[in-house]
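>
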Amino acid sequence: MIKEIKIIQHNGKQFIPDLTKTEVPYPFRGRPEISNEKVDQKALQNCCPMAAISVNPVSINLAKCNFCGECAFRFPEKVKFTNDHRLATNKIKNLLVKEGENHKIELDQSAIEKKIKTVFGRSLKLRQVSAGGDNSCEFELNACGNANFDMGRYGIEFVASPRHADGVVVTGPVSENMAEALRITWDAVPAPKLFILCGVDAISGGIFADSAALNRSLLKNVKVDLYIPGNPPHPLTIINGLLNLIK
Amino acid sequence: MGSENKKYAVLKNNGSVGTAEIPVLSYNEFSSEVVTLLQKKENHCVTYFAFPEVNGLKFIAGIAEDTNHNIFVLSHFLPETKPQKLESLTPKINALHIFEREIHETHGVDFPGHPWLKPVRFAHNRANKSMKVNDYPFYTIESDELHEVGVGPVHAGIIEPGHFRFICNGENVLHLEIQLGWQHRGVEQTMLEKQTLLQRNIVAESVAGDTTIGHSLAFAGVMESLAGIEIKTQLDVERAVALELERIAVHTADISSLCTDVAYNLGANIFGILRTLIINFTQSWCGNRLGKSMIRVGGTNFPFTNENRIRLFKTLSEYEKQFVELAHLTYRLPSVENRFDDIGTVSEQQALQIGTVGMAARMANVLRDIRATHPSPAYEKYNYTPVVLPKGDVFSRFLLRRKEIKQSIAWLREVMDNEEFLFPSDTPKAELKLKPLSLAISLVEGWRGEICHTALTGNEGKLAYYKIKDPSMHNWKALELSLRNLEISDFPINNKSYNLSYCGFDL
Numbered sequence: 058m059i060k061e062i063k064i065i066q067h068n069g070k071q072f073i074p075d076l077t078k079t080e081v082p083y084p085f086r087g088r089p090e091i092s093n094e095k096v097d098q099k100a101l102q103n104c105c106p107m108a109a110i111s112v113n114p115v116s117i118n119l120a121k122c123n124f125c126g127e128c129a130f131r132f133p134e135k136v137k138f139t140n141d142h143r144l145a146t147n148k149i150k151n152l153l154v155k156e157g158e159n160h161k162i163e164l165d166q167s168a169i170e171k172k173i174k175t176v177f178g179r180s181l182k183l184r185q186v187s188a189g190g191d192n193s194c195e196f197e198l199n200a201c202g203n204a205n206f207d208m209g210r211y212g213i214e215f216v217a218s219p220r221h222a223d224g225v226v227v228t229g230p231v232s233e234n235m236a237e238a239l240r241i242t243w244d245a246v247p248a249p250k251l252f253i254l255c256g257v258d259a260i261s262g263g264i265f266a267d268s269a270a271l272n273r274s275l276l277k278n279v280k281v282d283l284y285i286p287g288n289p290p291h292p293l294t295i296i297n298g299l300l301n302l303i304k
Numbered sequence: 167m168g169s170e171n172k173k174y175a176v177l178k179n180n181g182s183v184g185t186a187e188i189p190v191l192s193y194n195e196f197s198s199e200v201v202t203l204l205q206k207k208e209n210h211c212v213t214y215f216a217f218p219e220v221n222g223l224k225f226i227a228g229i230a231e232d233t234n235h236n237i238f239v240l241s242h243f244l245p246e247t248k249p250q251k252l253e254s255l256t257p258k259i260n261a262l263h264i265f266e267r268e269i270h271e272t273h274g275v276d277f278p279g280h281p282w283l284k285p286v287r288f289a290h291n292r293a294n295k296s297m298k299v300n301d302y303p304f305y306t307i308e309s310d311e312l313h314e315v316g317v318g319p320v321h322a323g324i325i326e327p328g329h330f331r332f333i334c335n336g337e338n339v340l341h342l343e344i345q346l347g348w349q350h351r352g353v354e355q356t357m358l359e360k361q362t363l364l365q366r367n368i369v370a371e372s373v374a375g376d377t378t379i380g381h382s383l384a385f386a387g388v389m390e391s392l393a394g395i396e397i398k399t400q401l402d403v404e405r406a407v408a409l410e411l412e413r414i415a416v417h418t419a420d421i422s423s424l425c426t427d428v429a430y431n432l433g434a435n436i437f438g439i440l441r442t443l444i445i446n447f448t449q450s451w452c453g454n455r456l457g458k459s460m461i462r463v464g465g466t467n468f469p470f471t472n473e474n475r476i477r478l479f480k481t482l483s484e485y486e487k488q489f490v491e492l493a494h495l496t497y498r499l500p501s502v503e504n505r506f507d508d509i510g511t512v513s514e515q516q517a518l519q520i521g522t523v524g525m526a527a528r529m530a531n532v533l534r535d536i537r538a539t540h541p542s543p544a545y546e547k548y549n550y551t552p553v554v555l556p557k558g559d560v561f562s563r564f565l566l567r568r569k570e571i572k573q574s575i576a577w578l579r580e581v582m583d584n585e586e587f588l589f590p591s592d593t594p595k596a597e598l599k600l601k602p603l604s605l606a607i608s609l610v611e612g613w614r615g616e617i618c619h620t621a622l623t624g625n626e627g628k629l630a631y632y633k634i635k636d637p638s639m640h641n642w643k644a645l646e647l648s649l650r651n652l653e654i655s656d657f658p659i660n661n662k663s664y665n666l667s668y669c670g671f672d673l
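Protein sequence lines, in the order shown, are assigned to chains A and B. Going by the numbering used here, the final residue of the first sequence carries number 304, and the count climbs one at a time with no gaps. Going by the numbering used here, the final residue of the second sequence carries number 673, and the count climbs one at a time with no gaps.
1. Measure the C-alpha to C-alpha separation of residue 620 of chain B and residue 291 of chain A and round it to an integer number of angstroms.
2. Output, in sequence order along the chain, the residues in the region 181-202 of chain A whose CB is closer than 7 Å to any CB in chain B.
3. List, from N- to C-terminal side, the alpha helix (DSSP H) runs of 4 residues or more that fit wholly inside the region 235-287 of chain A.
4. Can we count residue 452 of chain B as close to the ligand COA, meaning its CB is less than 7 Å from some heavy atom?
5. What does residue 71 of chain A reach in chain B if we use C-beta pairs closer than 9 Å?
6. Starting from residue 182 of chain B, find everything on chain A with Cβ-Cβ shorter than 9 Å and list it in chain order.
7. What are the boundary residues of the alpha helix (DSSP H) that includes residue 243 of chain B?
8. Residue 112 of chain A: which of A/105, A/119, A/99 and A/104 sits nearest, CA to CA?
9. Name the one or two DSSP bridge partners that residue 317 of chain B has.
10. Using only alpha-carbon positions, find the residue among B/259, B/201, B/243 and B/556 that is nearest to residue 221 of chain B.
11. Got a sec, what are the start and stop residues for the beta strand (DSSP E) residue 303 of chain A sits in?
12. Name, please, each residue of chain B whose Cβ falls closer than 9 Å to the Cβ of residue 221 of chain A.
13. Suppose contacts are defined by Cβ-Cβ distances below 8 Å. Is residue 120 of chain A in contact with residue 352 of chain B by that definition?
14. Which ranges would you report for the alpha helix (DSSP H) in the region 154-235 of chain A if only whole runs of at least 4 residues count?
15. Just reading off the alpha helix (DSSP H) that residue 353 of chain B is part of, what are its end residues?
16. So, using beta-carbon positions, are residue 186 of chain B and residue 603 of chain B closer together than 8 Å?
17. Can you say whether residue 635 of chain B is buried or exposed, counting buried as having 16 or more other CB atoms within 10 angstroms of its CB?
18. Given that a residue counts as buried once 16 or more other Cβ atoms are within 10 Å of its Cβ, and exposed if not, what is residue 58 of chain A?
19. Counting only Cβ pairs nearer than 7 Å, list the residues of chain A close to residue 299 of chain B.
20. If the criterion is Cβ atoms closer than 8 Å, does the pair residue 204 of chain A and residue 72 of chain A meet it?
21. Note down, in chain order, every chain B residue with its Cβ under 8 Å from the Cβ of residue 267 of chain A.
22. Looking at C-alpha atoms only, which residue of A/234, A/124 and A/275 is the closest neighbour of residue 263 of chain A?
23. Run down chain A in chain order and give the residues with a C-beta less than 7 Å from the C-beta of residue 374 of chain B.
24. Do residue 368 of chain B and residue 411 of chain B have their beta-carbon atoms positioned less than 8 Å apart in this structure?
25. So residue 235 of chain A and residue 285 of chain B are in contact, right, with Cβ under 8 Å, and what is the actual spacing, rounded?
26. Starting from residue 184 of chain B, trace the alpha helix (DSSP H) both ways and give me its first and last residue.
27. Report the neighbours of residue 86 of chain A on chain B: residues whose CB is nearer than 9 Å to its CB, in chain order.
28. Count the other C-beta atoms from every protein chain shown that fall within 10 angstroms of the C-beta of residue 88 of chain A, then say buried if there are 16 or more, exposed otherwise.
29. Taking CB distances under 8 Å as the criterion, tell me whether residue 130 of chain B reaches chain A.
30. Just curious, the alpha helix (DSSP H) that residue 632 of chain B is in, first and last residue?
31. What residues of chain A sit near residue 385 of chain B, judged by a beta carbon separation below 7 Å?
32. What alpha helix (DSSP H) runs, 4 residues minimum, are completely inside the region 338-406 of chain B?
33. Buried or exposed, going by whether 16 or more other CB atoms sit within 10 Å of the CB of residue 423 of chain B?
34. Measure the Cβ-Cβ separation of residue 255 of chain A and residue 226 of chain A and say whether it is below 8 Å.
35. From the DSSP output, in three-state form, read off residue 251 of chain B for me.
36. Between the region 267-287 of chain A and chain B, which residues of the former have CB atoms less than 8 Å from a CB of the latter, in chain order?
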């Protein structure tokens, strides 16, 4: 018993007191900022492995960006990745970061039904489905529940059955082989329910967007309640996104 | 190996050879050579695949010889005019079963004599599209006394999908069969379709997120070899530092989840917290907790600086102090020992028979460790002594992690004491000119075990074929064997004790 107490004491206080105010230190790559500097636009566009950059005006689409930082290495005067981890939003158009416009990425609160806040505000149980994910987003979703981040303190937890869940968190580009299982899981969740896409693969298919092994047809018919960009998203990105959705 | 009667090309790890220099044998010669080689204990098959060439299928097998750091590359050709049928080698060399299944699924080649010629992953480009992922032909036993339990594909946690089918006699598991393929997203095909080096690098990073460093290192290995780039030893050492950090982080998390499964909360929580120290160090080095963007071909955007060295020393001592104290308690706890000891045993003979690699081999007294047997320059400069345990049960897998963490920390300390990181490593190459008509093989000991990437180029150095093998390809079979004669309630601890990759297998 004394040994156990000593271990706890040596381990010290590990939980992050306020998850809404914590910052992730550099060189973490969060929300990019694009300056008005003139650069070779074609070269900038072509350097992006994810085809996330478009020109006139220069913009980065975080629905496609995997935060590899290549554009910032090649054109440091044009693109800078800040350490702002607050990237989640409920409107896909908010994920478009344009040159010269350096505002935060936020949720459109007017688009969230009132009942979401009243029903899920203090307790949100989620079911996770990995549909072709590479286990990195799953890794960070697991980390959300560990003693450091302790998402459970807000009443947000992952549950075993879709029947117990208030929503589904999808990771991965949705492989053909998982498409049916994902649809069945989604159908099994009672309404009102949330559909959340976690990670660049889930949002746009990521690097596998053009792969013939995917079947993203379900996504055409379901309203997405939250997009969480990143490859994988940091636990703070996930938790703050969820909190902004339900609080 | 003289020029007369040359049966195979000989490569070193991260080496390349012109495809014309690999003798194309008849299938009879190929079979007898492969069987002779693989009957020796020091040899094992690291890759065996087929790819379409003009007028038929070309088969390539890579056999690693652990004693002399050699990789033998053998080949044969099956013309499309001949029946697409080859006598199976699996009855003689059981470990080849998964490779033959894969070739059968992708190209429709029949292997008479193969005892278990079932689909591997229901790949989108498989030969027989009439069979869907739900049609997997499970093994069944007709009996009124037996029942079947099916679990998955979606599991009760944040975990990837797979289907487990148990045949039980009461609580006892007679047989477990694991069906994978749900995660198949076309990794190898995407690798060929993507045109730029960086895109391909990102595909390699996405093979398995928890082995980001391992798989991207193997990718960098084949690309550098095909482009004829010699990287400096310092860069290889930096990469190996990242690889060992990945190992420490995932091993710690696995110890934590094994504690969770036996309801030991102190261990579950504090080992979990200790992992955060390591992955946060990786983030402070490259900006991503899993090491994405860390490994690039020919150089790095994140050189390991002396400032990093000082911080890593600090992180490791903070980690080690707490890890040792907690492990000292956890590994002696009767309630933990009781649940793990003598459970899920795989014998040395079984491990060899099914061709396990990495951790799943070393826990059963089989020395398979690329760092020692086919070392990259970093491990040649700073030797790594593998840990091997004799017993092969859950406790061995639990203990192996603790010992490997200790070993990796000692290795990292040795590197940081002796390596000078005075000059930052080169920046990555933007594009490469690959040697035409060549083959390169790279082996990397990721935390799960041996990762093998093979790349082939065609005319003008275009990438013609890319083959990825995750250690899980071999090791899933070990989990199936572990479960025999256990209670079904022992499945979770066995599954966690291996922590195999679904996405790395499904590709």
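No residue lacks a Cβ here, since even glycine has one placed at the ideal position from N, Cα and C. Computed from a predicted structure; not experimentally measured.
Taking the geometry as given:
1. Sequence index remark: in the second sequence, residue 620 of chain B carries index 454 (1-based). Sequence index remark: in the first sequence, residue 291 of chain A carries index 234 (1-based). In a straight line, the C-alpha of residue 620 of chain B is about 32 Å away from that of residue 291 of chain A.
2. The residues in question are 185, 186, 187, 189, 190, 191, 192, 193, 195, 196, 198 and 199.
3. 257-261 and 274-278
4. The ligand COA is not part of this structure, which contains no ligands at all.
5. Counted from its first residue, the first sequence places residue 71 of chain A at position 14. What residue 71 of chain A touches in chain B: 435, 436, 439 and 442.
6. Counting from 1 along the second sequence, the entry for residue 182 of chain B is found at position 16. Chain A residues near residue 182 of chain B: none, gap ~25 Å exceeds 9 Å.
7. On the second sequence, position 77 is the one that residue 243 of chain B refers to. Not the alpha helix (DSSP H): residue 243 of chain B falls in the beta strand (DSSP E), residues 236-245.
8. To locate residue 112 of chain A, count along the first sequence from 1; it is residue 55. The shortest C-alpha separation from residue 112 of chain A is found at A/99.
9. On the second sequence, residue 317 of chain B is found 151 positions in, with the first residue counted as 1. Its beta-bridge partners are B/330.
10. Mapped onto the second sequence, residue 221 of chain B falls at position 55. Ranking B/259, B/201, B/243 and B/556 by Cα distance to residue 221 of chain B puts B/243 first.
11. One-based indexing of the first sequence puts residue 303 of chain A at position 246. Residue 303 of chain A -> not in any beta strand (DSSP E); alpha helix (DSSP H) instead, spanning 292-303.
12. Residue numbering aside, residue 221 of chain A sits at position 164 when the first sequence is read from its first letter. By Cβ distance, chain B contributes nothing, its closest Cβ being about 10 Å from residue 221 of chain A, past 9 Å.
13. Taking the first sequence and counting its residues from 1, one reaches residue 120 of chain A at position 63. Taking the second sequence and counting its residues from 1, one reaches residue 352 of chain B at position 186. No, the pair does not count as a contact, with Cβ atoms beyond the cut-off.
14. Along the length of the region 154-235 of chain A, whole alpha helix (DSSP H) runs at least 4 residues long occupy 171-177 and 193-201, reported in chain order.
15. Residue mapping note: residue 353 of chain B aligns to position 187 of the second sequence, counting from 1. Residues 353-359.
16. Counting from 1 along the second sequence, the entry for residue 186 of chain B is found at position 20. Counting from 1 along the second sequence, the entry for residue 603 of chain B is found at position 437. Taking 8 Å as the Cβ cut-off, residue 186 of chain B and residue 603 of chain B qualify as a contacting pair.
17. Taking the first residue of the second sequence as 1, we reach residue 635 of chain B at position 469. Residue 635 of chain B is buried by the Cβ-count criterion.
18. If you number the first sequence from 1, residue 58 of chain A lands on position 1. Label assigned to residue 58 of chain A: exposed.
19. The residue given as residue 299 of chain B occupies position 133 in the second sequence. By Cβ distance, chain A contributes 234.
20. As a working mapping, residue 204 of chain A is identified with position 147 in the first sequence. As a working mapping, residue 72 of chain A is identified with position 15 in the first sequence. Taking 8 Å as the Cβ cut-off, residue 204 of chain A and residue 72 of chain A qualify as a contacting pair.
21. For this step, residue 267 of chain A is matched to residue 210 along the first sequence. 356 and 359, listed in chain order.
22. The residue given as residue 263 of chain A occupies position 206 in the first sequence. The option with the nearest alpha carbon to residue 263 of chain A is A/124.
23. On the second sequence, residue 374 of chain B is found 208 positions in, with the first residue counted as 1. Chain A residues near residue 374 of chain B: 191 and 192.
24. Stepping through the second sequence from its first residue, residue 411 of chain B is reached at position 245. Stepping through the second sequence from its first residue, residue 368 of chain B is reached at position 202. The answer is no: Cβ separation not under 8 Å.
25. Along the first sequence, read from residue 1 onward, the residue named residue 235 of chain A stands at position 178. Along the second sequence, read from residue 1 onward, the residue named residue 285 of chain B stands at position 119. The pair is not a contact, with the Cβ atoms about 16 Å apart (cut-off 8 Å).
26. For this step, residue 184 of chain B is matched to residue 18 along the second sequence. Not the alpha helix (DSSP H): residue 184 of chain B falls in the beta strand (DSSP E), residues 181-184.
27. Residue mapping note: residue 86 of chain A aligns to position 29 of the first sequence, counting from 1. Simply 453, 454 and 459.
28. Here residue 88 of chain A corresponds to residue number 31 of the first sequence, with the count starting at 1. By the 10 Å Cβ count, residue 88 of chain A comes out buried.
29. The shown model of chain B, from 167 to 673, leaves out residue 130 of chain B, and the question about it has no answer.
30. Against the second sequence, residue 632 of chain B aligns to sequence position 466. Counting along the chain, residue 632 of chain B falls outside any alpha helix (DSSP H), though it belongs to the beta strand (DSSP E) covering 629-635.
31. As a working note, residue 385 of chain B is residue 219 in the second sequence. Neighbours of residue 385 of chain B on chain A: none; closest Cβ ~13 Å, over 7 Å.
32. 353-359, 363-371 and 378-393
33. Residue mapping note: residue 423 of chain B aligns to position 257 of the second sequence, counting from 1. Buried is the call here.
34. For the purposes of this step, residue 255 of chain A is taken as residue 198 along the first sequence, with counting starting at 1. For the purposes of this step, residue 226 of chain A is taken as residue 169 along the first sequence, with counting starting at 1. Cβ distance < 8 Å, so residue 255 of chain A and residue 226 of chain A count as in contact.
35. Here residue 251 of chain B refers to the residue found at position 85 of the second sequence. In the three-state scheme derived from DSSP, where H, G and I count as helix and E and B as strand, residue 251 of chain B is classed as strand.
36. 267, 268, 269, 270 and 271
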